[in-house]
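Numbering (full-length UniProt numbering), first residue to last: 1 to 295.
Laid out in C-alpha cells, this is it:
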C-alpha cells in the first residue's frame with residue numbers, strides 16, 4: 001500500500017472520530033448550527049471512502065483497455081465529493097428554515113462548543129497534512145479532501161463564534177442563521193471542487209509557469225536538433241502528459257535522433273514528476289520556425 005492510500009485510509013478514520021465528536025456536540029445542545037456541522041462531517045466520511053477507492057483504482061497499472069492508466073479516476077472522486085457537499089448544504093438549509101420559524105434555546109452551549117472546537121482542531125491538522133502531502137504526491141483526490149476539510153474548519157470556527165453570541169444576546173434565531181451561512185459556504189466550496197475537477201477531466205493544460213519551464217528545458221537539452229513545435233500538455237491525476245514534435249536534420253541517423261530524445265526525456269522527468277513524454281521526430285523540411293528554438 002503506497003503513501004496516498006495510507007493517507008486516504010487515515011481520512012476515513014479521522015473523519016469518523018470528528019463526526020462522533022460533532023454529533024455529540026449537537027446531541028448535547030440541540031443546536032441546528034452544530035447539527036449542520038455534524039452533517040457535513042458525515043459527508044467527510046463518505047467522501048473519504050470515495051477518495052480511498054479512487055486512489056486505489058488510479059494506482060492500477062495500465063492495461064489493454066486503459067493503455068494510459070487509470071489516473072483520471074481521482075477526478076471522478078472529487079466530482080462526487082462536490083456533489084455530496086451540495087446535497088449536504090441543501091439539507092442544512094432545510095433545517096435552518098424550519099429552525100428559524102420555530103427558534104429554541106440552546107442547551108449546555110459551552111460544553112457542546114468545547115467538544116466541537118476539539119473536533120475542529122483535529123480537522124485543521126488533518127486538512128493541512130492532506131493538502132501538503134497531496135500536492136507533493138500529485139493526488140487530486142487527497143488535495144480535494146483536504147480543501148473540503150479546511151472549509152469545514154472555517155465554518156466550524158464561524159459557528160462557534162456565532163453561538164457564543166446566542167446566550168449573550170438572547171437571540172435564539174441566530175442559531176438558524178448561522179446554519180444557513182454554513183450551508184451557503186458549503187455550496188460555494190462544492191461548486192469550486194466540481195469546477196476544478198471538471199478541468200482535469202477535460203485535459204486542462206499545465207499552468208503557464210510550468211509550461212514555460214517545460215519549454216526552457218526542451219530548449220536547453222535538445223542540442224543537435226533544429227526546433228520543437230506543437231507542444232501539448234495535460235494533467236491526469238498524478239500523471240503529466242507532454243508531447244511535441246522535434247525537428248532534426250534529414251541527414252541525421254536514427255541513433256543520433258534517439259539519443260537527443262532520451263536526453264530530453266531525462267531532463268523533463270527530472271523536473272516534472274510522473275511525466276509521460278511522447279516525442280515525434282521530423283526532418284528539417286517540416287520545420288515551422290514558430291516553435292521552441294533549440295539553443
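For glycine and all other residues, C-beta sits at the position ideal for the given N, C-alpha and C.
Just so it is clear, the structure is predicted and the values come from calculations on it, not from any experiment.
Assumed close pair residue i, residue j - CB separation to whole angstroms, cut-off 8 angstroms
i           : j           : result
residue 144 : residue 81  : 6 angstroms
residue 227 : residue 287 : 6 angstroms
residue 38  : residue 23  : 4 angstroms
residue 268 : residue 214 : 7 angstroms
residue 178 : residue 153 : Wrong, their Cβ atoms sit about 16 angstroms apart, outside the cutoff.
residue 48  : residue 142 : Actually they are not in contact, since the Cβ atoms of residue 48 and residue 142 sit about 10 angstroms apart, beyond 8 angstroms.
residue 96  : residue 180 : 4 angstroms
As assigned by DSSP and simplified to three states, the class of residue i
i           : result
residue 45  : helix
residue 285 : helix
residue 157 : helix
residue 144 : helix
residue 25  : helix
residue 188 : helix
residue 11  : helix
residue 222 : coil
residue 295 : Residue placement at residue 295 is poorly supported in this model, since its pLDDT is 46, which falls under 50; the coordinates are not used for a value here.
residue 172 : coil
residue 2   : coil
residue 99  : helix
residue 162 : helix
residue 58  : helix
residue 31  : coil
residue 91  : helix
residue 36  : helix
Residue i - partner residues in DSSP beta bridges
i           : result
residue 235 : 240
residue 247 : 227, 282
residue 64  : Looking at the DSSP assignment, residue 64 forms no beta bridge with any residue, so it has no partner.
residue 275 : 240
Proximity test, Cβ basis, 8 angstroms: residue i and chain B
i           : result
residue 131 : The chain inventory of the structure shown lacks chain B, comprising one protein chain alone.
First through last residue of the alpha helix (DSSP H) which encompasses residue i
i           : result
residue 265 : 254 to 271
residue 206 : Premise fails: residue 206 is in no alpha helix (DSSP H) and is neither H nor E.
residue 109 : 109 to 136
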